[in-house]
Structures are given as structure tokens and as C-alpha cells.
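Residue numbers (this note's numbering): 37 to 265. C-beta: ideal position from N, C-alpha, C; glycine also.
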Amino acid sequence: MAQIDIVSAGTCPFAQRTRMVLLEKGIDFSLTEIDLDAKPAWFLEISPYAKVPVIRHGDAIVWESAVINEYLEEVFPEPALLPRDPLRRAQARVWIDFANSRMVPHVYKMMLRQDQAGQDLHRQRLTEAVLAMEQGLRDLSDGPHWLGKQPSLVDFTFFPHVQRFVALEHYRGFAIPAGCTRLLRWREAMFALPSVQATRPPDALLIKNWAKYANDTGTGVTAQEMRET
Ligand SMILES: N[C@@H](CCC(=O)N[C@@H](CS)C(=O)NCC(=O)O)C(=O)O
Numbered sequence: 037m038a039q040i041d042i043v044s045a046g047t048c049p050f051a052q053r054t055r056m057v058l059l060e061k062g063i064d065f066s067l068t069e070i071d072l073d074a075k076p077a078w079f080l081e082i083s084p085y086a087k088v089p090v091i092r093h094g095d096a097i098v099w100e101s102a103v104i105n106e107y108l109e110e111v112f113p114e115p116a117l118l119p120r121d122p123l124r125r126a127q128a129r130v131w132i133d134f135a136n137s138r139m140v141p142h143v144y145k146m147m148l149r150q151d152q153a154g155q156d157l158h159r160q161r162l163t164e165a166v167l168a169m170e171q172g173l174r175d176l177s178d179g180p181h182w183l184g185k186q187p188s189l190v191d192f193t194f195f196p197h198v199q200r201f202v203a204l205e206h207y208r209g210f211a212i213p214a215g216c217t218r219l220l221r222w223r224e225a226m227f228a229l230p231s232v233q234a235t236r237p238p239d240a241l242l243i244k245n246w247a248k249y250a251n252d253t254g255t256g257v258t259a260q261e262m263r264e265t
């Protein structure tokens, strides 16, 4: 039996974060896929927010991708995906928080909003986030990754959502500004990683799966929460 079981669903970007970390650390894991439109009872018992990913590690159950990734970092410390220096570690956590609180919500909201004013508001907020990411990369490392030559939890937190810009471009005409050269170089470096290649859904599938956000027909918890906040 594998050491860790990760419960995931299709092209979930949050589960992709954790799947990449499991691969980077060479952890023996199994993947259990569920249908988010027909969540099994056993899943609802172990997932308090009714979301994937969730991991099962022996009797331990952990949810929320950023928390899971830190758990994996502590239990399987090698190769390290967070810096040892406390200040660098804090900076890494600031950017992980930035991804979750200041970038990702605008990706969903720009898609879900059907009115022009709403789309423009979140386009503006996401553009500000992307420009801050460009500056963060320039300030923190010579590249190609967020904290230097090796990828870290910061990179694996941002990447799946940046990859889903392909759907934003398709449905809303949003793309990373050409002047964000560091961010574009970072994205290329990420695409080259084996853990990304192994978990990367095809662009056409991402575009298909994001139609429910683009036409606001998603009935899941994520769509509901993103509409309400
Ligand atoms: N903050 C959560 C977000 C997870 C999330 O939103 N997962 C989506 C799939 S990508 C989900 O399971 N949604 C449940 C639903 O829509 O019913 C994390 O980082 O793990």
C-alpha cells in the first residue's frame, strides 16, 4: 500500500499543487479520483470543506492544499522545498498567502462574473497581482524559480493557476503582459519540470472544464464561494 493517498478530481489546480510536491519529493503515493458532481459519502466524511485535495497518511487526514504541502515538507523534509533561513521561509509563506488571497480568487471571479463591470474589476485586480508577482520574482531571486535555482512550495502553489490563464485568455482575453519577462521565463522553466509534465492537463481540456465558470453554470462549492465573496 502506498504511503500517502491523495484524493483529487480531474483537472483540479489545487490537487495539482500537491501532486507535484509528492512527485518532487519522490513520495510513494496513490491517486484516488472522485467526481465532484457526485461526491461519495466516504469523501464527505474526510473532507470538512467538501473539496479536494485531501490526503490520507495512515490514520492522518489533511486538507487544504497549502497546509497539505507544508505537512509533506515537515514529514518528508528531503528534498527541501522551503528555505532553511527563517526570513526566506517567511518570504516564501508570504507569497503562498499572496497566491491564495490576492491572485487565485480573481482568476475565478473574472470568469464567473457575467457583467462587464465585474469582469473589468477582476481583470484590473489580477493584472495588479501579476505585476506584483513579476516584481516579487525580480526582488527575490536571479531565477529561474521564485526563490532561486530550485523550485519551492511557492512555485508549486502558483503554477497550476498560471497554467489556467489559458482558459482566461480563451474566455476573457486575459494574458500575462509581455513586459513581465521574469514571469514568462519562470513559466517556461516550470513547464520543463518532470513533475509539471506528469500532472499537466492539456490546454484544450482546461478550456473545456472552465466553461462552467465562464458561463456561470458551476454548481459546486468552489463556484458558490467565489460568487459570494
Ligand atoms: N482552498 C482549497 C481549494 C480547493 C478547491 O477549491 N478544490 C475544488 C476543486 S479544484 C473543489 O474540490 N471544489 C468542490 C466543489 O466545487 O464542490 C485548497 O487549497 O485545497
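key: Proximity test, PRO273 beta-carbon vs ligand 1 heavy atom, cut-off 7 Å   = Here the chain has residues from 37 to 265 only, and residue 273 is not among them.
key: Closest Cα partner of LEU242 within the set ILE40, CYS48, SER44, ALA38   = CYS48
task = Whole angstroms is fine: what's the gap from LEU219's alpha carbon to THR253's?
result = 32 Å
request  = Look up TRP131 in the DSSP assignment and say whether it is helix, strand or coil.
outcome  = helix
SER83 burial status per 10 Å Cβ neighbour count (16 or more: buried) = buried
inquiry  = For GLU264, count the other beta carbons within 10 Å of its own beta carbon; 16 or more makes it buried, fewer makes it exposed. Which is it?
reply    = When all chains shown are included, GLU264 counts as exposed.
inquiry  = Less than 8 Å between the beta carbons of PHE201 and MET56, yes or no?
reply    = No, the pair does not count as a contact, with Cβ atoms beyond the cut-off.
Own chain partners of ALA165 with C-beta closer than 6 Å, once the 5 adjacent residues on each side are dropped = ARG138, MET139
Nearest-angstrom Cα separation, counted from GLN171 out to TRP222 = 12 Å
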